[in-house]
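Everything on this sheet refers to the single structure shown next.
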Amino acid sequence: MTITTSSETYNGWANYETWNVALWLGNDESLYHLAQQWAEHGYKSLSHQLEELYGAVTPDGVYWKHADLNINELNEMLAEL
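Per the working numbering, numbering of the sequence shown is gapless, rising by one per residue and ending at 98.
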């Protein structure tokens, strides 16, 4: 018997893309400090800064503005920094 859930997640995040962005923002010192500075403005504003300063993608190749990102989850993460 296999039990499945109706909600697919990636390490507790909505999907791989959201997890990857959160991982980099939470674990890279320079990205973390930038995220702290922009936290009150929300992830969409932060993503513009990330793209300008670090290029279009995370070091793993996920776009900072990927369409599948769960912005609500990222905003919640930023609020906790």
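Where a beta carbon is used, it is the ideal one built from N, C-alpha and C, also for glycine. The model shown is predicted, which means the values in this text are computed figures rather than measured ones.
| Item | Value |
| --- | --- |
| Identify the residues that DSSP records as bridge partners of Val38: which are they? | For Val38, which the question treats as bridged, DSSP gives no partner whatsoever. |
| Across which residues does DSSP place Trp30 in a beta bridge pair? | Tyr27 |
| Count the other CB atoms, across all protein chains shown, that sit within 10 Å of the CB of Ser62; report buried if there are 16 or more and exposed otherwise. | exposed |
| Report yes if the C-beta distance between Asp77 and Asn37 is below 8 Å; otherwise report no. | yes |
| Which value, in whole angstroms, describes the spacing of the CA atoms of Thr22 and Asn32? | Any reading at Thr22 is ruled out, since the residue's pLDDT is 47, under 50, leaving its predicted position unreliable. |
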